[in-house]
Every structure is written in structure tokens, then in C-alpha cells.
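To keep things clear, I will list the structure first and then write my remarks on it.
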């Protein structure tokens with residue numbers, strides 16, 4: 002079963018998005034792009050301490 006490819010530039014920002022894929026496929030890059038787009042496109046004035054991104058590996062945490 003092939004899932005649709007998530008396009009970080011056009012994916013709607015409202016609602017929930019599940020990113021599930023194998024190692025090395027760009028999950029962390031995609032998460033970074035989505036929350037950056039959310040901040041820039043929505044004009045939100047948030048501090049770093051107000052942003053929550055959840056990941057399950059130390060490598061992804063360091064990258065984010």
C-alpha cells in the first residue's frame with residue numbers, strides 16, 4: 002500500500018498530521034518545515050519556549 006506523499010509546502014496546516022516512515026526518509030526535515038511554515042504563514046509571534054515538537058529519538062531531538 003502506497004501512502005500519498007506529504008508535501009511540506011502545500012499540506013494544510015489545520016488539523017492533525019501523522020508522519021510515519023522508515024529511517025532516513027526525511028521525517029525530521031518535514032516536521033521542521035511544517036512548524037516553520039505554520040509560524041511564518043500564520044504570522045504567529047511565538048517564543049521558542051512556546052513551541053512543542055515531539056520526537057522519539059535523541060538524533061531527531063538534536064536536529065530539531
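Residue numbers (my numbering): 2 to 65.
Think of the CB as a built atom: it goes at the ideal place given N, C-alpha and C, for glycine as much as any other residue.
Keep in mind it's a predicted model, so treat the numbers as computed, not measured.
The beta carbon of residue 7 sits closer than 8 Å to those of 18, 20, 31, all from its chain and outside the five residues before and after it, given in chain order. Proximity to residue 37 across 24, 53, 23 peaks at 53, based on C-alpha coordinates. At the C-beta level, residue 29 and residue 61 come within 7 Å of one another. Exclusion of the five residues before and after residue 42 leaves no residue of its chain whose Cβ lies closer than 6 Å to its Cβ. Annotation for residue 42: the continuous alpha helix (DSSP H) segment containing it runs 28–43.
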